[in-house]
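Report on the structure given below.
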Amino acid sequence: MTEAVLLTETNAGVRTLTLNRPEKLNAANDALLLALTEAIAEADGDASVRVIVLTGSGRGFCAGQDLGDVSGRNMTFTEHLNHTYNPLIRAIRSCGKPVISAVNGVAAGAGASLALAGDVRLWARSAALIEIFSNIALVPDSGSTWFLPRLVGYHRAFELMALAEKVRSDEALRLGLCEHVFPDETFHQEVQAYAERLAARPANALKLTKQALNAAMTTTLDVALDREAELQQVAGDHWEHEEGVTAFKEKRAPDFRREYE
Ligand code: LHQ
C-alpha cells in the first residue's frame, strides 16, 4: 500500500495535519491539496477539534507545486489554481477554528503562501521561506500577493518576490512572518503545547474574532465598528461569556472546554 500524502492525528483537541511527501520536501500534488482542503473542512465540522495544525514530515514544510506533476496536465494554470490551491487557502481563512502553520522546514512557492495563511505561524529555527515563483518565471499565487505586503509592506514584498531571497527564521520573526521560533529538536512538542493553550481559549469567541479580523483586513473603520457591535452580541449571548465573567468573580480559571469533554 502506498503511504498517505496527508497524515492526520488528534490529541487533546488539536488536529494535526501533516503533509507527507518528505522525499520531495512535501511538494504538493493534486491528491495532497484536495486531501488537505477536505481535512480542514472535516476538522471545522468536528466539535471535538478546537485547533488545527498544518505541518510537514521530514526536513521540509512544503516546496510548493510538485514540478514533476504539472507537465502534460490537461488544465490551464488558472483552472489548476481555482481547482486546488485557492479552495485550500479559502478553507484555511474561512475555517471557524484557529489554524496554526507549523513551519518545520523550507516553505517555498505555494508552500510559502501556506506558511503565511495560518492564523498563527510557528517556525522551527531551521525553517525558511522563499517566494520562489520568479525563479521559474511565475507570479506569486495562493494568496502570497495578499498576505506578504500586509505583513512587510509593498516594497519589501516586491523585493522578496523579485529576487526570491531566502528568509531565515530570525529575519522572519523580525519581519512579522511568524509569531514564534522554536528549537528544531523540540519543535513538535512546542507546537502541541502552544496549540493546547489555544484550545483552552473560548472557541466561539475565537471563531468570531477570526471572522471580525478577516473582514476588517479589507474594510473601513466605520464598517469594522458596526461589525464588532454585531459580533459582540453573538459572543455575549454565548455561554462562554457567562463562564468567563462567573470565573472572574469567583476568582478561578474559566473552563471553556466543558461542553467538549
Ligand atoms: C521537488 C520540489 C518541487 C518536485 C523539491 N517539485 N520536487 C501553482 C500552480 C501551477 C503551477 C505551478 O506552480 C504553482 C505554485 C508554485 O508553488 S510554483 C513554485 C514551485 N516550487 C519551486 O519552484 C521550488 C523548487 N524547489 C527548490 O527550489 C528547492 O528544492 C528548495 C529551495 C525548496 C529546497 O532546496 P534544497 O534544500 O537544496 O532541497 P533539494 O532541492 O535538494 O530538494 C530535495 C528533493 O525534493 C529533490 O529531489 P531529489 O530526488 O533530487 O532528492 C528535489 O527535486 C525535490 N523537490 N522541491 N517543487
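So for the sequence shown, numbering that gives the first Met the number 0 puts the first residue at 0; every next one is plus one.
We put the CB at the ideal spot given by N, CA and C, even for glycine.
Subject >> Beta carbon of N261 nearer than 8 Å to that of F76 >> reply: Here the chain comprises residues numbered 0 to 260, so residue 261 is not present and cannot be evaluated.
Original post:
Who are the Cβ neighbours of A198 in its own chain at under 7 Å, not counting the five residues just before and after it?
Top reply: The count along the sequence shown starts at 1 and reaches residue 198 at position 199. Taken in chain order, the residues that qualify are A11, G12, V13, R49, V50.
Subject >> Neighbourhood of S112 by C-beta distance below 6 Å, restricted to the same chain and skipping five residues each side >> reply: Taking the sequence shown and counting its residues from 1, one reaches residue 112 at position 113. Answer for S112: S141, G142, S143, listed in chain order.
Original post:
Quick one, which of R200, S100, E37 has its alpha-carbon nearest A123's?
Top reply: As a first step, residue 123 is located in the sequence shown; it is residue number 124 there, counting from the start. A123 has its Cα closest to that of S100, out of R200, S100, E37.
Original post:
If you drop the 5 nearest sequence neighbours on each side, which residues of the same chain put their C-beta closer than 8 Å to that of L207?
Top reply: For the purposes of this step, residue 207 is taken as the residue at position 208 of the sequence shown. Only L230, V233, A234 meet the Cβ criterion.
Original post:
Hey, would you say the C-beta of I88 is under 7 Å away from at least one heavy atom of the ligand LHQ?
Top reply: To locate residue 88, count along the sequence shown from 1; it is residue 89. It does not: the Cβ of I88 is nowhere closer than 7 Å to a heavy atom of the ligand LHQ.
**OP:** Identify, in the order they occur along the chain, each residue of the same chain with its Cβ nearer than 6 Å to the Cβ of P201, setting aside the five sequence neighbours on each side.
**Re:** Numbered from 1 along the sequence shown, position 202 holds the residue referred to as residue 201. Within the same chain, P201 has close Cβ partners E239, F255.
Original post:
Looking only at C-alpha atoms, which of L35, N19, L80, D43 sits nearest to G108?
Top reply: The residue you call residue 108 lines up with position 109 of the sequence shown. Residue L80 is the option with its Cα nearest to G108.
**OP:** Return the residue from the list L224, L147, T83, G95 that minimises the CA-CA distance to D43.
**Re:** Along the sequence shown, one-based indexing puts residue 43 at 44. Of the candidates L224, L147, T83, G95, the one whose C-alpha sits nearest the C-alpha of D43 is G95.
**OP:** State the Cα-Cα distance for the pair E195 and V166, rounded to the nearest angstrom.
**Re:** On the sequence shown, residue 195 is found 196 positions in, with the first residue counted as 1. On the sequence shown, residue 166 is found 167 positions in, with the first residue counted as 1. If you take the alpha carbons of E195 and V166, they lie about 28 Å apart.
Original post:
Got a sec? Which residues, its chain only, sit under 6 Å from G63 by beta carbon, not counting five neighbours each side?
Top reply: The sequence position of residue 63 within the sequence shown is 64, counting from 1. A107, G108, A109, G110.
Subject >> heavy atom of the ligand COA below 7 Å from G108 C-beta >> reply: The model depicted lacks the ligand COA and carries the ligand LHQ instead.
Original post:
With 16 other CB atoms within 10 Å as the buried threshold, where does E249 fall?
Top reply: The count along the sequence shown starts at 1 and reaches residue 249 at position 250. By the neighbour-count rule (16 or more Cβ atoms within 10 Å), E249 is not buried but exposed.
**OP:** Under 6 Å Cβ to Cβ from L6, same chain only, skipping five residues before and after it: list those, please.
**Re:** Within the sequence shown, numbered from 1, the residue matching residue 6 stands at position 7. Contacts found: T17, N19.
Original post:
With DSSP run on the structure shown, which of helix, strand or coil describes V52?
Top reply: The sequence position of residue 52 within the sequence shown is 53, counting from 1. If DSSP states are grouped into helix, strand and coil, V52 belongs with the strands.
Subject >> Cutoff 7 Å; reference A204; Cβ partners in own chain excluding five residues on either side >> reply: In the sequence shown, counting from the first residue as 1, residue 204 sits at position 205. Excluding residues within five positions, the ones whose Cβ falls inside 7 Å are A234, E239.
Original post:
How many Å lie between I129 and L32 at the Cα?
Top reply: Translated into positions along the sequence shown, residue 129 becomes position 130. Translated into positions along the sequence shown, residue 32 becomes position 33. Their Cα atoms are separated by approximately 19 Å.
Original post:
Is the distance from the Cβ of L115 to the Cβ of L147 below 8 Å?
Top reply: Taking the first residue of the sequence shown as position 1, residue 115 is located at position 116. Taking the first residue of the sequence shown as position 1, residue 147 is located at position 148. For L115 and L147, yes; Cβs fall inside 8 Å.
Subject >> Cβ-heavy atom distance, T134 to the ligand LHQ, below 7 Å >> reply: Counted from its first residue, the sequence shown places residue 134 at position 135. Note that residue 134 is Asn in the sequence shown here, rather than Thr. Yes, the Cβ of N134 comes within 7 Å of a heavy atom of the ligand LHQ.
Original post:
Within 7 Å: the Cβ of A171 and any heavy atom of the ligand LHQ?
Top reply: What you label residue 171 is simply residue 172 of the sequence shown in a count that begins at 1. It does not: the Cβ of A171 is nowhere closer than 7 Å to a heavy atom of the ligand LHQ.
**OP:** Assuming V105 contacts A127 (C-beta within less than 8 Å), just tell me the rounded distance between them.
**Re:** Translated into positions along the sequence shown, residue 105 becomes position 106. Translated into positions along the sequence shown, residue 127 becomes position 128. Indeed they touch by this definition, with Cβ atoms about 5 Å apart.
**OP:** Kindly examine the ligand LHQ and report whether one of its heavy atoms sits closer than 7 Å to the Cβ of L137.
**Re:** Here residue 137 corresponds to residue number 138 of the sequence shown, with the count starting at 1. L137: yes, Cβ under 7 Å from the ligand LHQ.
Original post:
By Cβ distance below 6 Å, which residues in the same chain neighbour G243 in space, the five residues on each side in sequence not counted?
Top reply: Here residue 243 is taken as the residue at index 244 of the sequence shown, counted from 1. Within the same chain, G243 has close Cβ partners P253.
**OP:** Confirm, please, whether the CB-CB distance from T36 to L87 is below 8 Å.
**Re:** Translated into the one-based positions of the sequence shown, residue 87 becomes position 88. Translated into the one-based positions of the sequence shown, residue 36 becomes position 37. Closer than 8 Å, so yes.
**OP:** Buried or exposed for I39, please, with buried defined as at least 16 other CB atoms from any protein chain shown within 10 angstroms of its CB.
**Re:** Here residue 39 refers to the residue found at position 40 when the sequence shown is read from its first residue. Buried is the call here.
**OP:** Excluding the 5 residues preceding and the 5 following L137 in the sequence, name in chain order all residues of the same chain whose CB lies nearer than 6 Å to its CB.
**Re:** Counting from 1 along the sequence shown, the entry for residue 137 is found at position 138. No residues qualify anywhere along the chain.
Original post:
What is the rounded straight-line gap between the Cα of H179 and the Cα of V190?
Top reply: Mapped onto the sequence shown, residue 179 falls at position 180. Mapped onto the sequence shown, residue 190 falls at position 191. About 10 Å.
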